[in-house]
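Student:
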Amino acid sequence: MMLIAAIAMLSVSAAQAQVKLGVKGGLNVMNMSMSSDVLNSDNQTGFFIGPTVKFTLPIVGLGIDASALYDQRKADIEGKEGNTVYSKSLTQKQFIVPINVRYGVGLGSLASIYAFAGPQFGFGIGDKHQSIYKDVSDWKLKDSNFSINVGLGAMLAKHLQISANYNIACGHTGEVTWTDAADRMLKSKIKNNAWQIGLAYYF
Numbered sequence: 001m002m003l004i005a006a007i008a009m010l011s012v013s014a015a016q017a018q019v020k021l022g023v024k025g026g027l028n029v030m031n032m033s034m035s036s037d038v039l040n041s042d043n044q045t046g047f048f049i050g051p052t053v054k055f056t057l058p059i060v061g062l063g064i065d066a067s068a069l070y071d072q073r074k075a076d077i078e079g080k081e082g083n084t085v086y087s088k089s090l091t092q093k094q095f096i097v098p099i100n101v102r103y104g105v106g107l108g109s110l111a112s113i114y115a116f117a118g119p120q121f122g123f124g125i126g127d128k129h130q131s132i133y134k135d136v137s138d139w140k141l142k143d144s145n146f147s148i149n150v151g152l153g154a155m156l157a158k159h160l161q162i163s164a165n166y167n168i169a170c171g172h173t174g175e176v177t178w179t180d181a182a183d184r185m186l187k188s189k190i191k192n193n194a195w196q197i198g199l200a201y202y203f
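The opening position of the sequence shown corresponds to residue 1 in our numbering, with each subsequent residue numbered one higher.
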């Protein structure tokens with residue numbers, strides 16, 4: 001009997017489920033780390049934009065959202081070769097697919113707040129190999145990467161969504177190779193985490 005009741009409740013939830021399509025955009029503020037102090041990074045910003053979809057089950061307050069976003073991140077890199085100080089602006093372009101499980105709590109008919117978490121899959125679409133300084137130092141990004149999102153958000157008037165989350169890279173996202181004064185080829189792993197502030201509108 002309990003199994004039948006559970007199936008009945010799930011059937012009701014599925015019948016009342018809501019699917020909304022929208023568009024999402026926002027700002028990346030990166031926290032880039034390297035496995036050695038070869039280079040310094042500054043001005044680590046970027047943006048993302050693309051379509052999004054939200055699937056909710058009103059009875060239990062649970063939902064899922066998924067997006068297909070163009071993501072661009074920039075960083076100003078500075079290093080030193082002998083007495084020469086060099087700098088370069090590097091750009092990471094990728095196609096990202098975040099999939100988040102969310103739980104929301106209503107604040108009346110016009111607003112609600114929610115917490116969310118889930119995996120994000122990234123696929124490089126830009127130049128993955130960039131020279132930083134002559135043949136001394138190079139930057140190479142991975143073809144794909146995996147990360148986790150954790151954040152909070154708010155829905156206003158059932159259409160406008162504001163969110164903030166931390167994107168945690170699982171493993172390194174690239175590497176820097178350079179030649180030292182003794183002509184040795186060395187490597188440093190790069191890990192690229194980011195704070196993300198997003199704005200979405202669901203139709």
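Ideal Cβ placement from N, Cα and C applies to all residues, glycine included.
If you're wondering where the values come from, they're calculated on a predicted model, not measured in any experiment.
(1) In this structure, how does DSSP classify LEU141 when only helix, strand and coil are distinguished?
(2) Keeping to the same chain, check which residues put their C-beta closer than 7 Å to that of GLY174; ignore five residues upstream and five downstream.
(3) Please state whether DSSP places HIS159 in a helix, a strand or coil.
(4) Please report whether the beta-carbon of PHE146 lies at a distance below 8 Å from any beta-carbon of chain D.
(5) With a CB to CB cut of under 6 Å and the five nearest residues on each side skipped, what residues in its chain are close to ASN31?
(6) What are the boundary residues of the beta strand (DSSP E) that includes SER67?
(7) Out of PHE116, LYS187, ALA154, which has the shortest C-alpha to C-alpha gap to ALA66?
(8) Rank ASN100, GLY106, HIS172, SER112 by C-alpha distance to the C-alpha of SER188 and give the top, closest one.
Tutor: In terms of the structure at hand:
(1) On the sequence shown, residue 141 is found 141 positions in, with the first residue counted as 1. Strand, per DSSP.
(2) In the sequence shown, residue 174 corresponds to position 174, counting from 1. Closer than 7 Å at Cβ, skipping near neighbours: TRP139, LYS140, LEU141, LYS142, ILE190.
(3) Residue 159 sits at position 159 when you count from the first residue of the sequence shown. Here DSSP, grouped into helix, strand and coil, assigns HIS159 to coil.
(4) Chain labels in this structure do not include chain D; a single protein chain is all it has.
(5) As a position in the sequence shown, residue 31 is number 31, starting the count at 1. A distance below 6 Å between beta-carbons, with the five flanking residues on each side excluded, links ASN31 to the following residues of its chain, in chain order: ASN193.
(6) Taking the sequence shown and counting its residues from 1, the one referred to as residue 67 is at position 67. From DSSP, the beta strand (DSSP E) with SER67 extends over 62 to 67.
(7) The residue you call residue 66 lines up with position 66 of the sequence shown. The candidate whose alpha carbon is nearest that of ALA66 is PHE116.
(8) For this step, residue 188 is matched to residue 188 along the sequence shown. Comparing Cα-Cα distances from SER188 to each of ASN100, GLY106, HIS172, SER112, the minimum goes to HIS172.
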